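One structure is given here, and the rest of the page talks about it.
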Amino acid sequence: MAHKVTLLPGDGIGPEVSKAVVRILEATGLKFEWEEFAVGAEAFEKYKEYVPRAAYESIERTKVALKGPVTTPIGGGFASINVMLRKKYELYANYRPIKNLPGIPTRYPGVDLVIVRENTEGEYVGIEHEVVPGVVESLKIITEKSSMRIARFAFEFARRYKRGKVHAIHKANIMKMSDGLFLRCCRDVSKQYPEITYAEHIIDNTCMQLVTNPYQYDVLVTPNLYGDIISDLCAAFVGGLGLVPSANLGEFAAMFEAVHGSAPDIAGKNIANPTALLQSAVLMLRHFKEEDAADQVQNALEFVYRKRKDRLTRDVGGTAGTSDFADAVVETMAGKLVESKT
Ligand code: NAI
1 MAHKVTLLPG DGIGPEVSKA VVRILEATGL KFEWEEFAVG AEAFEKYKEY VPRAAYESIE
61 RTKVALKGPV TTPIGGGFAS INVMLRKKYE LYANYRPIKN LPGIPTRYPG VDLVIVRENT
121 EGEYVGIEHE VVPGVVESLK IITEKSSMRI ARFAFEFARR YKRGKVHAIH KANIMKMSDG
181 LFLRCCRDVS KQYPEITYAE HIIDNTCMQL VTNPYQYDVL VTPNLYGDII SDLCAAFVGG
241 LGLVPSANLG EFAAMFEAVH GSAPDIAGKN IANPTALLQS AVLMLRHFKE EDAADQVQNA
301 LEFVYRKRKD RLTRDVGGTA GTSDFADAVV ETMAGKLVES KT
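Numbering of the sequence shown is given in our numbering, commencing with residue 1 and proceeding in unit increments.
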């Protein structure tokens, strides 16, 4: 039976990395039915809608989306399509594993931590208005319901994957009520998981602690904004934004996407690294319980990183293009790529 997936390639480098990933997924031998839609500025030009109705209907049917990055105008223009989709389908848990790939020298080898970011509220509710000229009010919403839900997700995840520690990340010394509520929920939930060590770190200290000793962390549960910021920081531990995947999970649907954005500086040049979206697609295969195919893709990808630096993209020290890297992964899966002599 074919897996039905809503494919939103996005813009900037999105179409290039999506094409590479679809090609690799098809090479697993699994069958996919892709329902593909443009979203964002391109969709607005064609349909006068940033997310066409047909794309929403597709997600409601397939319940699984694979999404490339979408450009969001800065300081004006339309609201983030990413935030819109996460809120509409209550994709409340943004799960971001940070793990080194073989063959990429980094300052800290062997990092293995997971960011669990609340994905539906905080500063991202987008409720802002000008009170009087020169004064803008922006609301940050934290609810008990969402904080309990994300805390339970983090602890359940830690229990299932035998991770020993959960840190709640906050700024409750200043935002005593909002982050205070988030923290109280994490504390309450932690009591039901006595086998898991629970700790709390203030976000600014977390940044310092992360760059000093990332090994002290295991699972970090965060409100929306702090999770967004430390995800990019942590991406640097493992070789950059071209590598880090994510899953947006809710009760009703799941959306898999890279942590990175549309990278306009390198778009259209066939040099973007598709690894982040590919590793997101591996999470999607695991969501489908296609463990063999997931392992097949992950092993092939790691073989290319370990043995064929010449087939890697430039951001990780290679010279290959996006499509050449995808070819190398497909050749590895077919048993046709041999170790480089150099
Ligand atoms: P960005 O993540 O697009 O780029 C930051 C830096 O990382 C750039 O130098 C870029 O070339 C590099 N980079 C990113 N992905 C890469 C890849 N796959 N391979 C090689 N290098 C890569 O962040 P930026 O520039 O802040 O945002 C650009 C646009 O993307 C903005 O409109 C932003 O709103 C949007 N964005 C969308 C996201 C999404 O759709 N989920 C997430 C983050 C940002």
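Built from N, CA and C at the ideal position, the CB exists for glycine as well.
These numbers come from a predicted model, not from an experiment.
Check whether T120 and K87 have beta carbons under 7 Å apart: Against the sequence shown, residue 120 aligns to sequence position 120. Against the sequence shown, residue 87 aligns to sequence position 87. For T120 and K87, yes; Cβs fall inside 7 Å.
Going by the C-beta, is N273 closer than 6 Å to any heavy atom of the ligand NAI? As a working mapping, residue 273 is identified with position 273 in the sequence shown. Because some heavy atom of the ligand NAI lies under 6 Å away, the Cβ of N273 counts as near it: yes.
Is the Cβ-Cβ distance between I141 and V125 less than 7 Å? As a working mapping, residue 141 is identified with position 141 in the sequence shown. As a working mapping, residue 125 is identified with position 125 in the sequence shown. A contact, by the Cβ cut-off of 7 Å.
Bridge partner(s) assigned by DSSP for L8: As a first step, residue 8 is located in the sequence shown; it is residue number 8 there, counting from the start. DSSP lists K67 as partners of L8.
Cβ-Cβ distance between V244 and V116 below 7 Å: Walking along the sequence shown from the start, residue 244 turns up at place 244. Walking along the sequence shown from the start, residue 116 turns up at place 116. V244 places its beta carbon 7 Å or farther from that of V116.
For the ligand NAI, any of its heavy atoms closer than 6 Å to the Cβ of L241? One-based indexing of the sequence shown puts residue 241 at position 241. Yes.
Quick check: is any heavy atom of the ligand NAI less than 6 Å from the C-beta of G103? The residue labelled residue 103 in the question sits at position 103 within the sequence shown. For the ligand NAI, not one heavy atom lies less than 6 Å from the Cβ of G103.
Cβ pair A253, I81 closer than 7 Å: One-based indexing of the sequence shown puts residue 253 at position 253. One-based indexing of the sequence shown puts residue 81 at position 81. No, these two residues do not count as a Cβ contact at 7 Å.
Just to check, is the beta-carbon of G261 closer than 6 Å to a non-hydrogen atom of the ligand SAM? The ligand content of the structure shown is limited to the ligand NAI, which means the ligand SAM is not among them.
In angstroms with no decimal places, state the Cα-to-Cα distance between S340 and G318. Within the sequence shown, numbered from 1, the residue matching residue 340 stands at position 340. Within the sequence shown, numbered from 1, the residue matching residue 318 stands at position 318. Taking the straight line joining both Cα atoms gives about 13 Å.
By how many angstroms is the C-alpha of K309 removed from the C-alpha of L337? In the sequence shown, the residue the question calls residue 337 occupies position 337. In the sequence shown, the residue the question calls residue 309 occupies position 309. Rounded to the nearest angstrom, the two C-alpha atoms are 12 Å apart.
Are the CB atoms of C186 and A158 within a distance shorter than 7 Å? The residue you call residue 158 lines up with position 158 of the sequence shown. The residue you call residue 186 lines up with position 186 of the sequence shown. No, Cβ-Cβ distance for A158 and C186 is not below 7 Å.
For the beta strand (DSSP E) containing F157, list its first residue and its last residue. One-based indexing of the sequence shown puts residue 157 at position 157. Run containing F157: none in the beta strand (DSSP E); it sits in the alpha helix (DSSP H), 144-160.
Check for me: the alpha helix (DSSP H) holding F303 runs from which residue to which? The count along the sequence shown starts at 1 and reaches residue 303 at position 303. Unbroken alpha helix (DSSP H) run through F303: 291-307.
Where the beta strand (DSSP E) containing I23 begins and where it ends: As a position in the sequence shown, residue 23 is number 23, starting the count at 1. One detail in the question is off: residue 23 reads as Arg in this sequence, not Ile. Where R23 is concerned, there is no enclosing beta strand (DSSP E), although the alpha helix (DSSP H) it sits in stretches over 14-26.
Who are the Cβ neighbours of I266 in its own chain at under 8 Å, not counting the five residues just before and after it? Mapped onto the sequence shown, residue 266 falls at position 266. Closer than 8 Å at the Cβ level, and outside the excluded window around I266, lie I13, A272.
Between the region 163-179 and the region 195-209, do at least 3 Cβ pairs fall closer than 8 Å? yes
Where the beta strand (DSSP E) through I229 begins and ends: Sequence index remark: in the sequence shown, residue 229 carries index 229 (1-based). Note, I229: premise wrong, no beta strand (DSSP E); alpha helix (DSSP H) at 224-235.
Which of the three DSSP states is assigned to A247 in this structure? Taking the first residue of the sequence shown as position 1, residue 247 is located at position 247. Of the three classes helix, strand and coil, the one that applies to A247 here is strand, per DSSP.
Return helix, strand or coil for M255, following the three-state DSSP convention. Mapped onto the sequence shown, residue 255 falls at position 255. It is a strand residue.
V17 beta carbon less than 7 Å from that of P274: Taking the sequence shown and counting its residues from 1, the one referred to as residue 274 is at position 274. Taking the sequence shown and counting its residues from 1, the one referred to as residue 17 is at position 17. Yes.
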